[in-house]
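**Q**
Chains as they are written, first to last, in this note's numbering: chain A, 1 to 473; chain B, 1 to 406.
#1: List the DSSP bridge partners of residue 380 (chain A).
#2: Closer than 7 Å by C-beta to residue 242 (chain B): which residues in its own chain qualify, once you throw out the five before and the five after it? Chain order, please.
#3: Between the Cα of residue 155 (chain A) and the Cα atoms of A:66, A:410, A:453 and A:328, which residue gives the shortest distance?
#4: Just list the residues that DSSP pairs residue 204 (chain B) with in beta bridges.
#5: I want to see whether chain B comes within less than 7 Å of residue 392 (chain A), judged by CB atoms only; does it?
#6: Where does residue 327 (chain B) sit, in a helix, a strand or coil, going by DSSP?
#7: Suppose the cutoff is 7 Å on Cβ atoms and the five residues either side in sequence are ignored; what does the same chain contact list for residue 6 (chain A) look like?
#8: In angstroms, rounded to a whole number, what distance separates the CA positions of residue 36 (chain B) and residue 8 (chain B)?
#9: So, helix, strand or coil for residue 398 (chain B), using DSSP?
#10: Do residue 342 (chain A) and residue 80 (chain A) count as a contact pair if the criterion is CB distance below 7 Å?
#11: With 16 other CB atoms within 10 Å as the buried threshold, where does residue 375 (chain A) fall?
#12: Pick helix, strand or coil for residue 16 (chain A), following the three-state DSSP scheme.
#13: Tell me whether residue 193 (chain A) is buried or exposed, calling it buried when 16 or more other Cβ atoms sit within 10 Å of its Cβ.
#14: Considering only DSSP beta bridges, list what residue 92 (chain A) is partnered with.
#15: Comparing the C-beta of residue 141 (chain A) with each C-beta of chain B, is any distance below 7 Å?
#16: Which residues of chain B have a Cβ atom closer than 8 Å to the Cβ of residue 435 (chain A), listed in chain order?
#17: Assuming residue 311 (chain A) is part of the beta strand (DSSP E), what are its boundary residues?
#18: Alpha carbon to alpha carbon, how far is residue 309 (chain B) from residue 72 (chain B)?
#19: To the nearest angstrom, report how far apart residue 176 (chain A) and residue 207 (chain A) are at their CA atoms.
#20: What separation, rounded to the nearest whole angstrom, lies between the Cα atoms of residue 437 (chain A) and residue 404 (chain A)?
#21: Leaving aside the five residues before and after residue 232 (chain A) along the sequence, list all residues of the same chain whose C-beta is less than 6 Å from its C-beta, in chain order.
#22: Quick one, which of A:386, A:345, A:364 and A:446 has its alpha-carbon nearest residue 412 (chain A)'s?
#23: Flag residue 32 (chain A) as yes if its beta-carbon sits less than 7 Å from any beta-carbon of chain B, otherwise no.
#24: Between which two residues does the alpha helix (DSSP H) carrying residue 323 (chain A) extend?
#25: Can you check whether the C-beta of residue 77 (chain A) is within less than 7 Å of a C-beta belonging to chain B?
#26: Can you tell me whether residue 274 (chain B) is buried or exposed? The criterion is at least 16 other CB atoms within 10 Å of its CB, across all chains shown.
#27: Tell me whether residue 460 (chain A) sits in a helix, a strand or coil according to DSSP, three-state version.
#28: Can you list the residues of chain A that residue 84 (chain B) reaches, using a CB-CB cut of under 8 Å?
#29: Taking C-beta pairs closer than 7 Å, name the residues in chain A that residue 60 (chain B) reaches, listed in chain order.
#30: Any beta carbon from chain A within less than 7 Å of residue 336 (chain B)'s own beta carbon?
#31: Look at residue 201 (chain B) and residue 69 (chain B) and say whether their C-beta atoms are less than 7 Å apart.
#32: Going along chain A, which residues have a C-beta under 7 Å from residue 25 (chain B)?
#33: Could you list which residues in chain B have their beta carbon closer than 7 Å to that of residue 340 (chain A), in chain order?
#34: On the three-state DSSP scale, how would you describe residue 390 (chain B)?
#35: Kindly indicate the opening and closing residues of the beta strand (DSSP E) around residue 270 (chain A).
#36: So, with DSSP's three-state summary, where would you put residue 115 (chain B)?
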């Protein structure tokens, strides 16, 4: 039988003893419910557990490792690269219940938080202190801090603020041996190796993050948010290049193409310019006098590049609505077709228009429907292919086209992932950007933490990354 | 065995979800448990697994579906416009059809049959009314004891169906009125207020005699065939009326979805208007007065089937403002209070947890009064709120204000 009850049963009984029956799932329905994240890959966990404390995580890891079962960490399951897809027969450790915020230091602007704290909840909880957590992935209303750390998540405002790694000062992890370690800390420039830096972006392959010391950012005194429309995507892209070229670093600089504008507007009803070729969402933050001048400069550059309309949000509600439009882009594409595949490539800004043309040509060649959103400011592309996986041969076609798109970005001097992590879906493309020696070095790091390869196996590094795995040449 | 009823979630409905997970944080049961199996996306995954033949409808499937409050907050958060409420009603219908246990039998008996029978509801209401007067409700077991928190049920119990009310002058038009099932007996004060306000605006109000319960509770609890029958009967009862005013959010939300339930249902759905949106529009166009007596702050709680299912948010607020109050927000997310119709009885633990959370939000406003436009929420709030906080209905408050200034 495909969905058996028997595998891992003894362990399940012991886990129920530890956590209680409501926090341990082994039923086939639960295994299917937890089979995937927001990406397209799926797996099959043997047991799903929902711990509440670091000690429980440590006990779970010891039991699972003792039974030689793979261990996979999961937050809200909003990842797009399959990082939290459970290996077959694994123990899936769901960290959403570890959602306490403790030790907020208003002066030092730090806080220790559980990995299950939802990104936006953290900022909402700090409203009175006038602080927020700067990384703002589009999934921020749902995704957890633990997941943001696992993937080194980015977001529109990471253009000026840097991605998650710039906002994590320390982590508490449970190692594969069940030991509890704290890496990094609030002190600037801690001595020794920066192991904290290794953990950020490691997707649960080096340990399970059970607490995070986050850096908090002061809310800006003022903000100007503009929605700029263009007839063609080339005009929008040139505007981006010129803005960055002027030396200005906006807080955010986002782009959507025509098909995406239409899909988003149908949900958000924000008065987006349906029919326009592209829009830029530009935001500047700071002191009122300074940002007024910056906003004027952006408007001038946009007009010089044939902008057809410039709308400035007049209040916080309008600003929130414009951002809601941008942040619901991925979900909104389901109106077009039931499945989508999303790339996360980065290209040098100077090659932006050229690579975009190539990506569109690839989609045309494969006869695929393409919608585009971009973190345009830092050259991060999210070309999104909308398709129906139930059509014969469609999934293979989509993957082939996506790989060509990634190759186009790499050939132009870019790389294969900006912020979503590698997971399963980008794993086999790693050898396109890393040499065999690079991959071997990364695999050795992983072995140092997890010699048996039990932590989130099959993620990040392609099969055969260790040099002795390599076929003789 | 996959699906067995005509109500099951269809493959194309299920395909509208792309697993983005933006629904998770607005789902009350996910918020409490952190468990994907208690989230909209997880429930869709379970439905999909049955639809694809990977699993059958078993007790665990039933448990996963039954924990849902059907508040439909997920639909508001969903950029893919997934019709979650419709699919959940279909999944519940499957559970009832495929697991014919005592619970399915009880569900059909109570929500499919008894509630559609006026004499059964009158009998039950009479028993509640007597129990309230004998001060014995407090000893009733568990959630049933919550009837203590009900308004006092009038004796003898009233009924609205079959009656007609005329305005003082020449009618500007006629509207039909849904009497409802428990609303008719347990919240007759709200009916009175709505009817009087409609009369004041110049309308003739008719409650057709052959109407029945809207069927929302039956649909929510999986008694789909009974729900379909009730919808069909109401399609007949309300034929010929241009507008049908409904003053319970759960009923108006359900009737606006009648297209799924009966032939001619889509046509009736078009003519259904919630009392809040109708009266707010009448105030806005000047057909009803704005009473100005200062700005008394009042907390406001949104019933899910008004706010999420019908996206009616501004209307109860503008009614309160017209009554001289200044509405104070208690919860920007509009999280369910845990009442959710029969849910209080079937899942007392989850219902109580959400009730306590909502009470904390209301009490944080520090006001003596909270407005809520739904009887279920009112009962839940009264159960969990500290003494000294009144729960009132916006339209009752408005009528009270208008009557005093006449």
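Positions of the beta carbon are idealized from the N, C-alpha and C atoms, including for glycine.
**A** Judging by the given coordinates:
#1: As a position in the first chain, residue 380 (chain A) is number 380, starting the count at 1. As computed with DSSP, residue 380 (chain A) is found in a beta bridge with A:346 and A:375.
#2: Along the second chain, read from residue 1 onward, the residue named residue 242 (chain B) stands at position 242. Once the five neighbours on either side are set aside, the close Cβ partners of residue 242 (chain B) are 271.
#3: Translated into positions along the first chain, residue 155 (chain A) becomes position 155. For residue 155 (chain A), the closest C-alpha among the options A:66, A:410, A:453 and A:328 is that of A:328.
#4: Taking the second chain and counting its residues from 1, one reaches residue 204 (chain B) at position 204. Residue 204 (chain B) is bridged by DSSP to B:174.
#5: The count along the first chain starts at 1 and reaches residue 392 (chain A) at position 392. False, the Cβ-Cβ gap to chain B never drops below 7 Å.
#6: To locate residue 327 (chain B), count along the second chain from 1; it is residue 327. Correct three-state label for residue 327 (chain B): strand.
#7: Looking up residue 6 (chain A) in the first chain gives position 6. In this prediction, residue 6 (chain A) scores a pLDDT of 46, lower than 50, which makes its location untrustworthy; no coordinate-derived value is stated.
#8: Here residue 36 (chain B) is taken as the residue at index 36 of the second chain, counted from 1. Here residue 8 (chain B) is taken as the residue at index 8 of the second chain, counted from 1. So the alpha carbons of these two residues sit roughly 22 Å apart.
#9: Position 398 of the second chain, counting from 1, holds the residue named residue 398 (chain B). In the three-state reduction of the DSSP assignment, residue 398 (chain B) falls in the helix class.
#10: Reading the first chain from its first residue, position 80 is the one you call residue 80 (chain A). Reading the first chain from its first residue, position 342 is the one you call residue 342 (chain A). Taking 7 Å as the Cβ cut-off, residue 80 (chain A) and residue 342 (chain A) qualify as a contacting pair.
#11: Residue numbering aside, residue 375 (chain A) sits at position 375 when the first chain is read from its first letter. So residue 375 (chain A) ends up on the buried side.
#12: Working through the first chain from its first residue, we reach residue 16 (chain A) at position 16. In this structure, residue 16 (chain A) counts as helix in the three-state DSSP scheme.
#13: As a first step, residue 193 (chain A) must be located in the first chain, where it is residue number 193. Exposed.
#14: By 1-based counting over the first chain, the position of residue 92 (chain A) is 92. In DSSP, residue 92 (chain A) forms a bridge with A:48 and A:72.
#15: Residue mapping note: residue 141 (chain A) aligns to position 141 of the first chain, counting from 1. With a threshold of 7 Å between beta carbons, residue 141 (chain A) makes contact with chain B.
#16: Your numbering for residue 435 (chain A) matches position 435 in the first chain. Contact annotation for residue 435 (chain A) against chain B: no contact, minimum CB-CB distance about 35 Å [criterion: below 8 Å].
#17: Along the first chain, read from residue 1 onward, the residue named residue 311 (chain A) stands at position 311. Annotation for residue 311 (chain A): the continuous beta strand (DSSP E) segment containing it runs 307-312.
#18: Residue 309 (chain B) sits at position 309 when you count from the first residue of the second chain. Residue 72 (chain B) sits at position 72 when you count from the first residue of the second chain. Approximately 6 Å, taken between the alpha carbons.
#19: Numbered from its first residue, the first chain carries residue 176 (chain A) at position 176. Numbered from its first residue, the first chain carries residue 207 (chain A) at position 207. The alpha-carbon atoms of residue 176 (chain A) and residue 207 (chain A) are separated by roughly 6 Å.
#20: Taking the first chain and counting its residues from 1, the one referred to as residue 437 (chain A) is at position 437. Taking the first chain and counting its residues from 1, the one referred to as residue 404 (chain A) is at position 404. For residue 437 (chain A) and residue 404 (chain A), the distance between alpha carbons rounds to 24 Å.
#21: Along the first chain, one-based indexing puts residue 232 (chain A) at 232. Within the same chain, and ignoring the five residues on either side of residue 232 (chain A) in sequence, the residues whose Cβ sits closer than 6 Å to its Cβ are 277.
#22: Sequence index remark: in the first chain, residue 412 (chain A) carries index 412 (1-based). When only C-alpha atoms are compared, the closest one is A:345.
#23: Counting from 1 along the first chain, the entry for residue 32 (chain A) is found at position 32. Chain B places a beta carbon closer than 7 Å to that of residue 32 (chain A), counting this residue as a contact.
#24: Taking the first chain and counting its residues from 1, one reaches residue 323 (chain A) at position 323. It spans 316-327 - the alpha helix (DSSP H) in which residue 323 (chain A) sits, taken as one unbroken run.
#25: Taking the first residue of the first chain as position 1, residue 77 (chain A) is located at position 77. Contacts with chain B at 7 Å (Cβ-Cβ) include residue 77 (chain A).
#26: Taking the second chain and counting its residues from 1, the one referred to as residue 274 (chain B) is at position 274. Burial call: buried.
#27: Taking the first chain and counting its residues from 1, one reaches residue 460 (chain A) at position 460. The answer is coil: DSSP assigns residue 460 (chain A) none of H, G, I, E or B.
#28: On the second chain, position 84 is the one that residue 84 (chain B) refers to. For residue 84 (chain B), no chain A residue has a Cβ inside 8 Å of its Cβ, as the nearest lies near 13 Å away.
#29: Taking the second chain and counting its residues from 1, the one referred to as residue 60 (chain B) is at position 60. Under the 7 Å cutoff, chain A gives 27 and 29.
#30: Here residue 336 (chain B) is taken as the residue at index 336 of the second chain, counted from 1. No, residue 336 (chain B) does not count as interfacial toward chain A.
#31: What you label residue 201 (chain B) is simply residue 201 of the second chain in a count that begins at 1. What you label residue 69 (chain B) is simply residue 69 of the second chain in a count that begins at 1. For residue 201 (chain B) and residue 69 (chain B), no; Cβs fall outside 7 Å.
#32: One-based indexing of the second chain puts residue 25 (chain B) at position 25. Here the neighbours are 118, 141 and 142.
#33: Locating residue 340 (chain A) in the first chain gives position 340, counting from the first residue. 18, listed in chain order.
#34: Within the second chain, the letter at position 390 stands for residue 390 (chain B). Strand at residue 390 (chain B).
#35: Start at 1 with the first residue of the first chain, and residue 270 (chain A) comes out as number 270. It is not in any beta strand (DSSP E) - residue 270 (chain A) carries neither H nor E in the DSSP assignment.
#36: Here the question's residue 115 (chain B) lines up with position 115 in the second chain. Helix, per DSSP.
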